[in-house]
């Protein structure tokens with residue numbers, strides 16, 4: 009409270025602590041009487057007197073007013089009798105206004121738990137929650153619900169249970185009922201159980217439930233070969249048990265396979281041991297249990313008696329007939345060479361060697377070759393050895409058929425040489441006739457000289473005179489032909505004009521005007537006829 013002294017000096021501020029001035033004294037100025045019907049102006053130290061009028065304030069019932077004189081303090085309770093209805097609304101009774109009317113009728117509605125009735129007297133409809141204990145068994149299956157009766161599922165059990173590891177040194181607390189599903193706590197203490205295999209101590213592992221894990225230490229038992237077994241311990245191996253059980257019918261379900269723990273024998277020794285193959289090609293490390301001579305699957309590769317091929321048989325054992333024999337030489341177990349001789353033949357020989365595969369050089373080839381001669385007209389049979397051993401100069405007469413060459417020279421005559429290789433010589437010796445330009449003179453000369461352009465035959469004076477006379481005759485014939493053409497054309501022109509005059513239908517007279525012809529029109533036929541004749545002769 010503020011508590012500051014007000015301006016009146018008699019009272020203190022009753023407001024909550026505030027900022028600014030506290031204001032005037034609330035008892036100063038005009039004040040009302042307790043019924044608030046009259047107002048008085050009095051000092052703040054004096055109390056307001058009652059006015060003597062009726063109070064007329066509304067009572068606690070909210071219906072009637074106070075009938076006493078103006079007074080200080082609260083009004084009395086309402087004592088008027090009224091017709092009242094009970095709380096549930098089923099009965100009415102006349103009684104004092106300030107008293108509540110409750111009938112004896114019990115409520116039959118179900119409470120919010122939907123299991124029990126309300127059973128409260130004169131219930132207005134707002135039934136209170138069920139006050140009985142639930143009592144249902146909780147999910148833990150160990151305790152019952154201690155809560156009030158309710159709808160729906162109960163809350164989890166509030167109790168806790170201890171869950172321990174196998175040795176009991178590690179403990180955790182879990183809600184009641186979870187101890188059947190929760191995993192045991194992980195214990196960091198080492199397992200103290202004795203080993204179940206042939207080892208003196210087992211591998212270190214933490215505390216656990218059930219059987220200890222299989223031993224993973226190396227077996228280290230001594231095998232028959234003298235080596236130690238390197239695999240993991242197999243004294244307690246899990247093996248499927250085979251049970252020979254015949255089902256009674258298709259309706260019988262097959263049973264699940266049973267597994268038993270039993271000691272297994274040590275596996276074969278896998279220590280690598282160097283072993284040489286049968287053919288002495290390589291040395292490979294093999295497992296100790298299978299360390300026997302083996303075939304490396306390569307071909308033998310030893311040189312056969314033919315000295316040309318090697319044994320293609322798969323790697324096999326070879327018996328040495330002589331202790332000093334070469335390791336690369338074939339033995340009696342190797343294959344015998346059945347190939348043909350594949351040595352290179354002399355250049356030009358198309359035949360194979362008649363002997364099977366053999367050491368040393370091949371014998372001379374004595375077979376006959378069928379070949380064409382140089383001119384390709386005759387077929388010759390020559391011994392292969394002679395042809396392959398002959399040089400270029402010796403082959404020339406050997407392949408010749410000794411007949412005249414059938415080839416044609418560029419001049420058109422046949423080659424006079426004996427059958428030969430290559431191109432024919434160009435100096436043709438054939439005699440040919442050479443004529444002049446007018447074809448009157450002729451002379452026999454060697455063909456090669458004509459081809460080279462060394463000889464030519466010129467026309468003489470008589471040839472020129474005959475040529476001149478022939479040209480004059482041709483000119484005269486051309487002129488006569490031109491004159492004949494002009495006459496023919498003139499006759500055709502006159503005939504055309506006569507036909508044109510006969511067709512005129514009008515009988516008007518016309519003055520005949522004689523047109524004088526030019527010199528070209530008069531003599532054009534005489535000029536053109538010889539020209540056409542010369543052209544025809546030249547063509």
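In my numbering, the protein residues as written are 9 to 547.
Where is the CB? At the ideal position from N, CA and C, for every residue including glycine.
**DSSP beta-bridge partners of residue 230** = 236
**Asked** Among the residues of its own chain, which have a CB less than 7 Å from the CB of residue 391, if the five just before and after it don't count?
**Response** 374 and 376
**Request:** Using DSSP bridges, identify the partner residues of residue 3.
**Result:** There is no way to answer for residue 3, as the model of the chain reaches only from 9 to 547.
**Message:** Quick check on the burial criterion: 16 or more other C-beta atoms within 10 angstroms. Buried or exposed for residue 1?
**Reply:** Since the first residue of the chain shown is 9 and the last is 547, residue 1 is not available in this structure.
**In chain order, each beta strand (DSSP E) run of at least 3 residues that lies wholly inside the stretch 88-161** = 89-93 and 100-104
**Prompt:** Is DSSP giving residue 520 helix, strand or coil here?
**Reply:** Caution applies to residue 520, whose pLDDT of 43 falls short of 50 and renders its modelled position unreliable; the model cannot decide the point.
**Asked** How many angstroms separate the CA atom of residue 505 from the CA atom of residue 536?
**Response** 24 Å
**Asked** Should residue 487 be labelled buried (16 or more other beta-carbon atoms within 10 Å of its own) or exposed?
**Response** buried
**Exposure of residue 301, with buried meaning 16 or more beta-carbon neighbours within 10 Å** = exposed
**Request:** Run the CB neighbour count on residue 3, radius 10 Å, all protein chains shown included, and call it buried at 16 or more, exposed below.
**Result:** What is shown of the chain runs 9 to 547, which leaves residue 3 out entirely.
**Prompt:** From the DSSP output, which residues share a beta bridge with residue 307?
**Reply:** 322
**Message:** Just to confirm, is the Cβ distance from residue 472 to residue 452 under 7 Å?
**Reply:** no
**Asked** What does a CB cutoff of less than 8 Å around residue 167 pick up in its chain, not counting 5 residues either side in sequence?
**Response** 148, 150, 151, 183 and 184
**Item:** Segment limits, alpha helix (DSSP H) that includes residue 404
**Value:** 400-407
**Request:** Taking residue 158 as the reference, give the member of 28, 355 and 121 with the closest Cα.
**Result:** 121
**Request:** Measure the beta-carbon distance from residue 41 to residue 63 and round it to whole angstroms, keeping in mind my assumption that it falls under 8 Å.
**Result:** That pair is no contact at about 10 Å.
**Prompt:** How close, in whole Å, do the beta carbons of residue 80 and residue 92 come, if the pair is a contact with beta carbons under 8 Å?
**Reply:** Between residue 92 and residue 80 the Cβ distance is about 31 Å, and since that is not below 8 Å, they are no contact.
**Message:** Strictly under 7 Å for the Cβ-Cβ distance: is residue 340 near chain D by that measure?
**Reply:** In the structure shown, chain D does not exist; there is a single protein chain.
**Prompt:** According to DSSP, what are the bridge partners of residue 245?
**Reply:** 270
**Message:** Let's test the definition: count the other Cβ atoms within 10 Å of the Cβ of residue 119 and tell me whether it reaches 16, buried, or not, exposed.
**Reply:** buried
**Asked** So, using beta-carbon positions, are residue 444 and residue 419 closer together than 7 Å?
**Response** no
**Asked** Less than 7 Å separating the beta-carbons of residue 441 and residue 450?
**Response** yes
**Item:** Rounded straight-line distance, which links the Cα of residue 351 to that of residue 365
**Value:** 9 Å
**Item:** Among 173, 88, 200 and 277, the one whose alpha carbon lies nearest that of residue 190
**Value:** 173
**Prompt:** DSSP puts residue 576 in a beta bridge; with which residues?
**Reply:** Here the chain covers residues 9 to 547 and nothing more, so residue 576 does not appear.
**Request:** Pull up the CB-CB distance for residue 338 and residue 311, whole angstroms please, since I reckon it's below 8 Å.
**Result:** 6 Å
**Asked** Of all the beta strand (DSSP E) runs that stay within the bounds of the stretch 182-221, which reach a length of 3 or more residues?
**Response** none
**Item:** Residue interval of the beta strand (DSSP E) (run including residue 260)
**Value:** Taken as a continuous stretch (DSSP letters only), residue 260 belongs to no beta strand (DSSP E), as it is neither H nor E.
**Asked** In angstroms, rounded to a whole number, what distance separates the CA positions of residue 186 and residue 194?
**Response** 17 Å
**Item:** Distance between beta carbons of residue 291 and residue 283, contact taken as under 8 Å
**Value:** 7 Å
**Asked** With 16 other CB atoms within 10 Å as the buried threshold, where does residue 233 fall?
**Response** exposed
**Prompt:** In terms of residue numbering, what span does the alpha helix (DSSP H) encompassing residue 460 cover?
**Reply:** 455-460
**Request:** Can you tell me which of the three DSSP states residue 470 falls into?
**Result:** helix
**Message:** Assuming the contact rule is C-beta atoms closer than 8 Å, residue 224 and residue 241 should be a hit. Round their C-beta distance to whole Å, please.
**Reply:** 7 Å
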